[in-house]
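> In the working numbering, the protein residues as written are 1244 to 1382.
Yeah, the Cβ is synthetic: ideal placement off N, Cα and C, and Gly gets one too.
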């Protein structure tokens, strides 16, 4: 009976871990879709803000053409939500990436990425001279 209880506990913990990881990936996908939608709708010289509420402890990164990037970026400009230390393997480590046509400039506290260690995290998207800037430092 004790072995059965231990096995059930192990199974529960394993399933919970799988479910929460899947939930974080879904949260990252939704945020990525929302951010890209805002970028596409921005008018010249317009600023819009967006609040990222999850997934906690992930990072938002931009990989530009020619730089080492996740495989799913295919050598193109790519915006990613990544979990884990090896950002170039973001898509293989459960992260989410999407190819985008425009180059993004990151004006952030941390070089070229936004850390989601503290959430909610407010970001600002600006379009100037047809370039998109993402900032986490305010307007």
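Quick check on DSSP: helix, strand or coil for residue 1343?
The answer is coil: DSSP assigns residue 1343 none of H, G, I, E or B.
> Quick one, which of 1301, 1362, 1266 has its alpha-carbon nearest residue 1294's?
Checking every option, the nearest Cα to that of residue 1294 belongs to 1362.
> Contact defined as beta carbons within less than 8 Å: I believe residue 1342 pairs with residue 1310. What is the distance between those atoms, to the nearest angstrom?
At roughly 14 Å, the Cβ-Cβ gap does not stay under 8 Å, so residue 1342 and residue 1310 are not in contact.
> So the candidates are 1297, 1306, 1244; which of them puts its Cα closest to the Cα of residue 1356?
It is 1306.
> So residue 1314 and residue 1334 are supposed to be a Cβ contact under 8 Å. How far apart are they, rounded?
Yes, residue 1314 and residue 1334 are in contact; Cβ-Cβ is about 6 Å, under 8 Å.
> Taking the alpha-carbon positions, what's the residue 1317 to residue 1245 distance?
Cα to Cα, the separation comes out at about 51 Å.
> Rounding to the nearest angstrom, what Cα-Cα distance links residue 1377 and residue 1347 in this structure?
In a straight line, the C-alpha of residue 1377 is about 7 Å away from that of residue 1347.
> Cα-Cα, which of 1274, 1375, 1290, 1308 is closest to residue 1349?
The residue with the shortest Cα to Cα distance from residue 1349 is 1375.
> Assign residue 1245 to one of three DSSP states: helix, strand, or coil.
Three-state DSSP puts residue 1245 in a helix.
> Can you tell me whether residue 1236 is buried or exposed? The criterion is at least 16 other CB atoms within 10 Å of its CB, across all chains shown.
Nothing in the structure corresponds to residue 1236, since the chain is present only between 1244 and 1382.
> Taking just the CA atoms, how far does residue 1323 sit from residue 1379?
One C-alpha to the other measures close to 16 Å.
> Taking the C-alpha atoms as reference points, what is the distance between residue 1367 and residue 1332?
Looking at the two C-alpha atoms, the distance is approximately 27 Å.
> Does the ligand ZN have even one heavy atom less than 6 Å from the beta-carbon of residue 1325?
Although the ligand ZN was asked about, the structure shown includes no ligands whatsoever.
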